[in-house]
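Each residue of the sequence shown is one higher than the one before, counting from 1 in full-length UniProt numbering. Ideal placement from N, C-alpha and C gives every residue a C-beta, glycine not left out. Data first, discussion second: the structure below is written as C-alpha cells.
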Amino acid sequence: MGGQALMARKMNYSARLPFTTEQVYEALRSRDYWDAIIEEMRKYSHNEMKTFDVKDSGIDITMLHTIPRTELPDIAQTVMKKDMIITRNIHYDAYSETTAGTYDASIPAGPGSLTGVVSLFPTDAGATLRTTSEAKVYLPFIGGKLEQLMLVNLVDLWRGEGEVTENYLKTKHA
Numbered sequence: 001m002g003g004q005a006l007m008a009r010k011m012n013y014s015a016r017l018p019f020t021t022e023q024v025y026e027a028l029r030s031r032d033y034w035d036a037i038i039e040e041m042r043k044y045s046h047n048e049m050k051t052f053d054v055k056d057s058g059i060d061i062t063m064l065h066t067i068p069r070t071e072l073p074d075i076a077q078t079v080m081k082k083d084m085i086i087t088r089n090i091h092y093d094a095y096s097e098t099t100a101g102t103y104d105a106s107i108p109a110g111p112g113s114l115t116g117v118v119s120l121f122p123t124d125a126g127a128t129l130r131t132t133s134e135a136k137v138y139l140p141f142i143g144g145k146l147e148q149l150m151l152v153n154l155v156d157l158w159r160g161e162g163e164v165t166e167n168y169l170k171t172k173h174a
C-alpha cells in the first residue's frame with residue numbers, strides 16, 4: 001500500500017420503528033428474531049447462524065451468507081472465482097437509552113472490508129435503528145465501483161431486515 005490514500009465509501013440507513021428502544025432491544029436479544037432474519041435472507045441465498053450469544057454485557061451474533069458466484073455482477077465475478085461466503089459479525093452493547101453496536105463483514109481472500117456502527121435510539125415516533133456502513137475495496141480501477149455496489153446492495157439488506165424487525169415486533173406487541 002505504501003502511502004497510497006484509500007477512499008472509503010460510507011452510507012447510513014435508518015429503520016424507524018413504532019416501538020420503544022426497550023422493545024427493539026428485547027427483539028435483538030431473541031433467537032426467534034434472528035431466525036426470522038435468516039429466514040428472510042434465505043429467499044435470496046443460503047444463510048445460517050454460526051453463533052448467538054446473549055449476556056448482560058451485550059449481544060454477539062455471527063452469520064454466514066453465501067452468494068453463488070453466478071449471481072454476482074460481472075465486475076465482481078472478475079475478482080471472485082468461487083461462491084462468495086460472507087461472515088457477518090454483529091455486536092450490540094448492553095441496553096441503555098441509546099445503545100451502540102458494531103458490525104463487520106468479511107470474505108475469505110476478499111479484496112476489501114465492510115464495517116459499520118449501529119445505534120438504537122429513541123425518537124418521538126418510537127425508536128430508530130441506524131446503521132452506518134463503510135466499504136473499502138483495495139483494487140485499482142474497479143475498487144470504487146465495487147464499493148458502491150456493496151453499499152447499494154446493503155440498502156436492500158437493511159431495508160429487508162427493517163421490515164422483518166417491524167413485523168416481528170408487531171406480532172410480539174399486537
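Taking Cβ to Cβ, would you say Pro111 is nearer than 8 Å to Val152? no
Please report how far the alpha carbon of Met63 lies from the alpha carbon of Thr87, in whole angstroms. Going by the C-alpha atoms only, they are around 6 Å apart.
If the criterion is Cβ atoms closer than 8 Å, does the pair Leu120 and Pro73 meet it? no
On a Cα-Cα basis, can you pick out the residue from Pro140, Asp104 and Lys145 that is closest to Thr131? Asp104
Just reading off the alpha helix (DSSP H) that Ala76 is part of, what are its end residues? Asp74 to Gln77
Span of the beta strand (DSSP E) around Arg16: Arg9 to Leu17
Leaving out the 5 sequence neighbours to the left and right, which residues in its chain are closer than 7 Å to Ala5 when beta-carbon positions are compared? Any reading at Ala5 must be qualified, since the residue scores a pLDDT of 46, below 50, and its modelled position is unreliable; the value itself is stated next. Counting only Cβ-Cβ distances below 7 Å, and skipping sequence neighbours, we find nothing.
Whole-angstrom distance between Ile75 and Gly144, CA atom to CA atom: 11 Å
Which partner residues of Asn153 appear in the DSSP bridge assignment? Paired residue(s): none; Asn153 is not in a bridge.
Straight-line Cα distance separating Met41 from Thr51: 17 Å
Beta carbon of Tyr13 nearer than 8 Å to that of Val117: In this structure, Val117 does not lie closer than 8 Å to Tyr13 by Cβ.
For Arg29, the nearest candidate out of Asp53, Glu163 and Thr98 (CA to CA): Asp53
Hey, how far is the Cα of Glu45 from the Cα of Thr115? Before going on, a small fix: residue 45 reads as Ser here, not Glu. When the Cα atoms are used, Ser45 and Thr115 turn out to be separated by approximately 21 Å.
Is the beta carbon of Gly58 less than 8 Å from the beta carbon of Tyr92? Contact: yes.
With DSSP as the reference, label Thr165 as helix, strand or coil. helix
Pull the bridge partners of Tyr92 from the DSSP assignment, please. Ile59 and Gly101
Once DSSP output is grouped into helix, strand and coil, what is the label at Thr70? helix
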